Structure formats: structure tokens, C-alpha cells
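A quick write-up on the structure given underneath.
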Amino acid sequence: MKNKTKKVILFIVEGPTDADTLSPVLKKIFKPGDIHFHVVHGDITTVKKSSYDAVMKRLSSQITEEMKRYRFTKKDVVRIIHIVDTDGAFVSSENVVFKDTHHIEYGKDHIYTDNPVSIIGRNRQKSMSLRELSYAETVEGIPYSVHYFSRNIEHVMHNQQGNLTSDQKMYYADEFVKIYGNSPERFLKFIYSKDFAVSGNYRETWDFIMEDCNSLHRHSNLHLIFSFCDIK
């Protein structure tokens, strides 16, 4: 007798607090066992001197790694949801300003850094990669979409705009789970909030975040995962 095909939704996220924040409530929204989170532990869109093909190759390797770990196949995966931070990557080079600081600082309309040349290069690489990924419909033949937090998950979920330590990020992840982890209805209401949820279809939300300084402001199109995935 053949094994029944699984229905896996694979989430690719940058860091462990992304998974810690979202996994509990999403596992309640979707059927148990359908959700897998793969933590990249970094940003695959900013690999130095990498082409779009190189980014896709690294993304494919992350997917393959997860499939091997949990012993499911491409046929089992109904969608790949890739969640990224914008990090203000779409701002013009004029908005990257020198400041004598040890950390990158994000303002409403500027990025402050002691190495503008490096950040401008990072932004160029990241924005190119994200633009290409936003048009990708499949990875390894599996339906794919990429969704953003701007500037990052703490900015969107907690309206925190400063640099946070790992412990602070863990604290906010835990607090989020306390509020929303066992309340899917409350989470859905929150994630569709007009405070940050970008209106429009998938393409329109990406066109919006690429404009002006929008990638520095508090925006997300995470809510659109529910238009791609059946939650009934």
C-alpha cells in the first residue's frame, strides 16, 4: 500500500525568532503536521557578488535540506512561503548617510552607518535579489511566494524600531506567542491590520515596498499567505 501524500507548507525564514514567533499560531491555523519551518540563519539575498541564479541555488539547497531532514518529497510540498526582512534595501543611495556609529541605524527616511559604501552595495544586491524573487512562481517546481516584514519582524509585530539584542528578540517572540499563540482569530485580525498590512494583490504589495522609502516604514504583506494557502 502506498503512503498517503503529505500536504506540507514549508516556511523559509531568516532567524530562529521568526520561527518562534509564527510557528505556534500558524500550526493552529493550518492542519497539524502541515507546517514546517526552516531557519536559514542569515539572509540568502545578500550573498556577496551572487547572481539571481546563485540565490535560487542556495534557496533550493535549503529546501532540499529540509526535505531530507523530515523525509518528505517535492510532491508532498504544496507551497513554499519565504519570509524576508526588507532592511530598507530599496531606498536610493542618497538615503544612506554616514554616522559615527557601531551599528546600522534605521530612520524613517534614512539608513545611518559608518560605512555607506558597504550598505549601498548590500542594498543593491538585496533589492536585486528580492525583485527577482518577487516574480518567481516556483522553486524546484514547487509553488513559491516571498513575503516581507519591513524593516524586520520586530518592527512590524511589535513596532520596535531600534537595534535589539538576541535576548530582546527572544523576549518579544515569547510575548507574541503569549498573546496570539493560542488565538488564531486574534492573530488573523492583527496580521490584517491597516497599521501595516499593505493593500492590493501580491504584485501590488511588492511594487509598493520598492517605491521611495517604503522599505524603511512599517509594512508587511504576510497576510497574503492566506490567499495562497487553504485555511479552511
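Just so you know, the sequence shown maps onto residues 6 to 237 in our numbering.
Cβ atoms here follow ideal geometry from the backbone N, Cα and C, with glycine treated the same way.
Note that this is a predicted model, so its numbers are computed, not measured.
Three-state secondary structure (DSSP) of residue i
i	result
residue 95	coil
residue 119	coil
residue 87	strand
residue 46	coil
residue 77	coil
residue 35	coil
residue 52	coil
6 Å Cβ shell around residue i - same chain, five flanking residues per side excluded
i	result
residue 109	118
CB-CB length for residue i against residue j, believed under 8 Å
i	j	result
residue 228	residue 197	5 Å
residue 159	residue 176	About 10 Å; that fails the 8 Å criterion.
residue 186	residue 30	5 Å
residue 214	residue 155	6 Å
residue 16	residue 42	5 Å
residue 225	residue 203	7 Å
residue 120	residue 94	That pair is no contact at about 16 Å.
Residues bridged to residue i [DSSP beta-bridge criterion]
i	result
residue 225	154, 202
residue 111	116
residue 143	148
residue 160	For residue 160, which the question treats as bridged, DSSP gives no partner whatsoever.
residue 103	118
Bounding residues of the alpha helix (DSSP H) (the contiguous stretch that carries residue i)
i	result
residue 192	189-196
residue 175	171-185
residue 220	Unbroken run through residue 220: none, as it is neither H nor E.
Spatial neighbours of residue i in its chain, beta-carbon cut-off 7 Å, leaving aside the 5 residues before and after
i	result
residue 114	100, 218, 221
residue 189	30, 33, 34
residue 192	30, 185
Residue range of the beta strand (DSSP E) that includes residue i
i	result
residue 13	13-18
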